[in-house]
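Student: Numbering (the numbering used here), first residue to last: 882 to 1091.
All C-beta atoms in this analysis are idealised placements derived from N, C-alpha and C, irrespective of residue type, glycine included.
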Amino acid sequence: MDAMDIENPLENPPENPSTPKDDTHTDSCPVTNSFDPSNLPPPPNTSTSTPTHPSMKGILSLLPPTLNVPAKTTATSIDSSTLTETPTASWISSHTYILLYFSASWCKPCQHFSPKLSSFLLSNPTCGCLYVSHDTTHASMLSSLASKPYASFTSLTSPTARTCKSLLGQVLSVNMLPTVVVVEARTGKRITSWGRSCVERNRDGCVEEW
């Protein structure tokens, strides 16, 4: 997945040298043509849309103004049936790191990886995760969110969500599912595009490395 190492047009520091680099997973789903710029929906009307919150910087400035966030019932349990529409800036500010999880309900490798990521997130409350869904319907996306501690788009099929997903995919050169991009919440700078390898191979030490 060398394409994921392309320099980001937004501010991006060099990859953390201690981060695992071999993320060429054979159990991945290609998403070659998902981010054709000619297929992008028109941008929102800037005269009527909500301006980006000043705390949403860098890559995170591409996110929509609100997200659906699941309720946390206990330290190890999530009630994904109760989703609260939350200002994105508030959700970001409550974490140290934001993990952008590109995934889909139809992706078998994603189904295998998601429980590992969920367990990691529940053990590391400083990390928030946005599920960047490649499903075609909102219902399909919701099926992937069951008992998962992921924030998600309020409406997967809305122009705002489609634009956000497309821009994130282009900027971060995402060409495989699942992909996890780790971003520093305070600055919006990408820390690594190899978040999947971090979680799978260094679950207990990767946060300290970031």
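So the alpha helix (DSSP H) Leu1049 belongs to, where does it begin and stop?
Tutor: Along the sequence shown, one-based indexing puts residue 1049 at 168. First-last of the alpha helix (DSSP H) with Leu1049: Pro1040 to Val1052.
Student: Ordered along the chain, which non-local residues of its own chain (more than five positions away) have a Cβ less than 7 angstroms from that of Arg1084?
Tutor: Walking along the sequence shown from the start, residue 1084 turns up at place 203. These residues qualify, in order along the chain: Phe1001.
Student: From which residue to which residue does the alpha helix (DSSP H) around Arg1071 run?
Tutor: Sequence index remark: in the sequence shown, residue 1071 carries index 190 (1-based). Counting along the chain, Arg1071 falls outside any alpha helix (DSSP H), though it belongs to the beta strand (DSSP E) covering Arg1071 to Thr1073.
Student: Give every residue of the same chain whose Cβ lies closer than 7 angstroms to the Cβ of His1019, excluding the five residues on either side of it in the sequence, and list them in chain order.
Tutor: Taking the first residue of the sequence shown as 1, we reach residue 1019 at position 138. Taken in chain order, the residues that qualify are Ser1036, Leu1037 and Thr1038.
Student: What are the start and end residues of the alpha helix (DSSP H) that includes Cys1079?
Tutor: By one-based count along the sequence shown, residue 1079 stands at place 198. Taken as a continuous stretch (DSSP letters only), the alpha helix (DSSP H) holding Cys1079 covers Gly1076 to Arg1082.
Student: From the DSSP secondary-structure annotation, give me the bridge partner or partners of Pro911.
Tutor: By one-based count along the sequence shown, residue 911 stands at place 30. Paired residues: Met1057.
Student: What did DSSP end up calling Leu998 once you bin it into helix, strand or coil?
Tutor: Sequence index remark: in the sequence shown, residue 998 carries index 117 (1-based). Note: Leu998 maps to helix in three-state DSSP.
Student: Rounded to whole angstroms, what is the Cα-Cα separation between Trp1091 and Ser1078?
Tutor: One-based indexing of the sequence shown puts residue 1091 at position 210. One-based indexing of the sequence shown puts residue 1078 at position 197. Distance between the alpha carbons of Trp1091 and Ser1078 is about 13 angstroms.
Student: Leaving out five residues on either side along the sequence, give the residues of the same chain with a beta carbon under 6 angstroms from the beta carbon of Thr963.
Tutor: Working through the sequence shown from its first residue, we reach residue 963 at position 82. Around Thr963: Ala952.
Student: What number of angstroms, rounded off, separates the C-alpha of Cys1045 from the C-alpha of Ser1014?
Tutor: Taking the sequence shown and counting its residues from 1, one reaches residue 1045 at position 164. Taking the sequence shown and counting its residues from 1, one reaches residue 1014 at position 133. Roughly 11 angstroms separates the two Cα atoms.
Student: How about Phe983 and Leu1048: do their beta carbons lie closer than 9 angstroms?
Tutor: Against the sequence shown, residue 983 aligns to sequence position 102. Against the sequence shown, residue 1048 aligns to sequence position 167. Cβ atoms of Phe983 and Leu1048: not closer than 9 angstroms.
Student: Between Val912, Arg1071 and Cys1087, which lies nearest to Cys991 when the distance is taken from Cα to Cα?
Tutor: Within the sequence shown, the letter at position 110 stands for residue 991. Ranking the options by Cα distance to Cys991, first place goes to Val912.
Student: Starting from Leu1023, trace the alpha helix (DSSP H) both ways and give me its first and last residue.
Tutor: Residue numbering aside, residue 1023 sits at position 142 when the sequence shown is read from its first letter. Unbroken alpha helix (DSSP H) run through Leu1023: His1019 to Ser1025.
Student: For Cys988, is the beta carbon positioned less than 8 angstroms from some heavy atom of the ligand GTP?
Tutor: Absent from the structure shown: the ligand GTP. Ligands present: none.
Student: Can you name, in chain order, every residue of its own chain whose Cβ lies under 7 angstroms from the Cβ of Ser999, other than the five neighbours on each side?
Tutor: Translated into the one-based positions of the sequence shown, residue 999 becomes position 118. Cβ neighbours of Ser999 beyond the five flanking positions: Lys1029 and Pro1030.
Student: What does the alpha-carbon distance come out to for the pair Ile979 and Thr1073?
Tutor: If you number the sequence shown from 1, residue 979 lands on position 98. If you number the sequence shown from 1, residue 1073 lands on position 192. The alpha-carbon atoms of Ile979 and Thr1073 are separated by roughly 11 angstroms.
Student: Taking 9 angstroms as the threshold (C-beta atoms), are Asp908 and Lys989 in contact?
Tutor: As a position in the sequence shown, residue 989 is number 108, starting the count at 1. As a position in the sequence shown, residue 908 is number 27, starting the count at 1. Going by C-beta atoms, Lys989 is nearer than 9 angstroms to Asp908.
Student: Which residue or residues does DSSP assign as beta-bridge partners of Gly1009?
Tutor: For the purposes of this step, residue 1009 is identified with residue 128 of the sequence shown, where counting begins at 1. Looking at the DSSP assignment, Gly1009 forms a beta bridge with Ile979.
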